[in-house]
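Residue numbers (the numbering used here): 7 to 430.
Written below as structure tokens is the structure these notes are about.
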Amino acid sequence: AGTYQVQLTATNAFGNDVETKVGYITVNACGVTKLINSDCGKIMTTYLDYVTCDYVAGATEYEYEISNVGLSYNQTVIRNYKWRFIYLYEIPGIQNNTTYNIRVRAKVGGIYSSYGTVCQLTTPISSVTTNLIQNDCGINMTSYNNYITCEYVSSATEYEYEFVNTGLSYTQTIVRSNPKYRFVYVHEVPGIQLNTTYDVRVRAKINAVYTSYGSVCQITTPSNPITTQLRSSDCGIIMSSYSNYITCDYVANATEYEYEFVNTGLSYTQTYLRTNPNYRFVYVNNVPGIQLSTTYDVRVRAKVNGVFTQYGTICQITTPPSARYGIIENEEVVIYNDELANDIRLTIYPNPSQGEFVYMELKSSEDISELIVTDITGKIVHQQNLQTDDYYSTVRFNEKLNPGFYFVTVVSGSQKQTKKLVVK
């Protein structure tokens, strides 16, 4: 490294010097790197282990060369200077329980240095795997609102769950294509039965290739089917006004809710469908043929995976003594925002916003909440799960929202909180 003088001399056909030019060039130092001392000669116990190299000032990239002459194997992996470590499972074609030579070089000023000293490492006996978390292995589920989840695998892009019951000749897989939400509600699994034990294995996709399945865990499904019913505060309600509404308990992944109103003395049976699961409440004066000061048996069922569940427990309601007039369709949305007090605490800002993102502070007793953003007509414009019980984050919308009014709703268990968002 340093600054050097360069002299260029031109000669004529007779070999005489006719012109001389003198210039200077500066050569930057390009440091040599290698595996850090603690990783040189390392015998790895898991594919979740990683190795790293010595830092080189000014380096923008690090290139690892992994080779095994006996296997005619040679592979390079390039790492950005901010993350110069590599996990073993990131190396394509690497084998279990095998020793490899590893060299590293750094790129400084757009030029790679020479490779540094060769180090050896030995891969683990078995490949990286995942399985159900310890709390879910052997679980006897009490509700279809329970879910199971697997151990996290760094750099995984998908998780595939396999459910097996050999006595029933049953095998079914379900893929979680978003690695942020690797949990599975068992009612999402096609053909799964009540009060039945299944062997469950999980595998992860890394670099577009699935790992081996991990160890088998057993789960036992709930003895009762997934159902919904009027929430406890609405069961037995004597309504004082048609401004009151009734609503049912939330069902994860439901796409519709169907209410059934029955009065056998009047030979009256009527169903009322809520096709937007974000607004599962019902104003009873919207139910065709319903009468004043009359008691009705009400059941509710949810549609999950395109199939309606069984109806839940019957609740009775008594309609108010006077009718409600002058109600417009969009009033449902406005009134619904003034929900009963619950345990959810939701704050969004800036508000008004520019429609690209909001910063959210969420406090809930549940581990998983669902975020839904709708416009004034009830159309969903953004939807995602929030896997936390204390959530402080920037939520970026899939597309920039047009100016107008929107409703930001968080569903957590059987509770919901809605805030109005203004987009300029």
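Cβ atoms here follow ideal geometry from the backbone N, Cα and C, with glycine treated the same way.
Own chain residues within Cβ distance below 8 Å of residue i, not counting five before or after
| i | result |
| --- | --- |
| E96 | V83, S161, I212, N213 |
| I334 | Caution applies to I334, whose pLDDT of 34 falls short of 50 and renders its modelled position unreliable; the value that the coordinates give is listed next. Contacts found: none. |
| Q11 | V28, G29, Y30 |
| S299 | T324, T325, P326, P327 |
| N22 | none |
| M245 | V290, I323, T324, T325, P326 |
| R280 | E262, Y263, E264, Y265, R286, F287, V288 |
Reduced DSSP secondary structure (H/G/I, E/B, other) of residue i
| i | result |
| --- | --- |
| N282 | coil |
| Q101 | coil |
| N259 | coil |
| S44 | helix |
| T315 | coil |
| N141 | helix |
| T203 | strand |
| E157 | coil |
| N291 | helix |
| Q271 | Checking the sequence, you will find Gly at residue 271 rather than Gln. If DSSP states are grouped into helix, strand and coil, G271 belongs with the helices. |
| T172 | helix |
| V62 | coil |
| V192 | helix |
| V38 | coil |
| V387 | strand |
| Y95 | helix |
| V75 | helix |
| Q297 | coil |
| T226 | strand |
| V124 | coil |
| T177 | strand |
| Q146 | The residue you asked about is not Gln; residue 146 is Asn in the sequence shown. Strand, per DSSP. |
| M50 | coil |
| N208 | The residue asked about is misnamed: residue 208 is Val in this sequence, not Asn. Correct three-state label for V208: strand. |
| E25 | strand |
| E376 | strand |
| L407 | coil |
| S359 | strand |
| C321 | strand |
| N80 | strand |
| N107 | strand |
Residue environment, residue i, which counts as buried when at least 16 other CB atoms sit within 10 Å
| i | result |
| --- | --- |
| N284 | buried |
| S6 | The requested residue 6 is not part of the displayed model; the chain covers only 7 to 430. |
| T424 | buried |
| S132 | exposed |
| A16 | exposed |
| R402 | exposed |
| S418 | buried |
| T383 | exposed |
| T217 | buried |
| T380 | buried |
| K406 | exposed |
| R351 | exposed |
| F411 | exposed |
| E362 | exposed |
| I232 | buried |
| T270 | exposed |
| Y355 | exposed |
| Y248 | buried |
6 Å CB neighbourhood of residue i in its chain, flanking five on each side removed
| i | result |
| --- | --- |
| D240 | I252 |
| T319 | Q235 |
| V340 | With a pLDDT of 35 at V340, under the threshold of 50, the modelled position of that residue is not reliable, and the figure given next carries that caveat. Result list for V340: empty, nothing under 6 Å. |
| Y219 | R207, R209 |
| T353 | E367 |
| F91 | Y56, T58 |
| D142 | I154 |
| I145 | I225 |
| I243 | I323 |
Any chain B beta carbon closer than 8 Å to residue i
| i | result |
| --- | --- |
| T281 | Here chain B cannot be found, since the structure has a single protein chain. |
Check: residue i C-beta below 7 Å from any heavy atom of the ligand HEM
| i | result |
| --- | --- |
| V170 | Inclusion of the ligand HEM in the displayed structure is not the case, the ligand content being empty and no account of it being possible. |
Other residues of its chain near residue i: CB distance less than 7 Å, five sequence neighbours each side excluded
| i | result |
| --- | --- |
| C156 | T136, N137, L138, I139, Y165, R188, V208 |
| M50 | L94, L127, T128, T129, P130 |
| C254 | T234, Q235, L236, R237, Y263, R286, V306 |
| Q3 | Nothing about residue 3 can be read from this structure; the chain reaches only from 7 to 430. |
| I42 | T58, C59, D60 |
(request) Determine contact between the segment 173-191 and the segment 121-129, defined as no fewer than three beta-carbon pairs at a distance below 8 Å. (result) No, the segment 173-191 does not touch the segment 121-129.
(request) Spell out a yes or no on whether the segment 285-299 and the segment 309-319 are touching, meaning 3 or more CB-CB pairs, one atom from each, closer than 8 Å. (result) No, they do not touch.
(message) Does the contact criterion of 3 or more C-beta pairs under 8 Å hold for the segment 93-113 versus the segment 63-76?
(response) Yes, they touch.
(message) Within 8 Å, do at least three Cβ pairs link the segment 273-289 to the segment 167-174?
(response) No: fewer than three Cβ pairs fall under 8 Å.
(request) Report yes or no: do the segment 200-209 and the segment 221-234 share at least 3 C-beta pairs separated by less than 8 Å? (result) The segment 200-209 makes contact with the segment 221-234: 3 or more CB pairs, one atom from each, lie closer than 8 Å.
(message) Between the segment 302-309 and the segment 256-276, can you find at least three pairs of beta-carbon atoms closer than 8 Å?
(response) Enough Cβ pairs lie closer than 8 Å, so yes.
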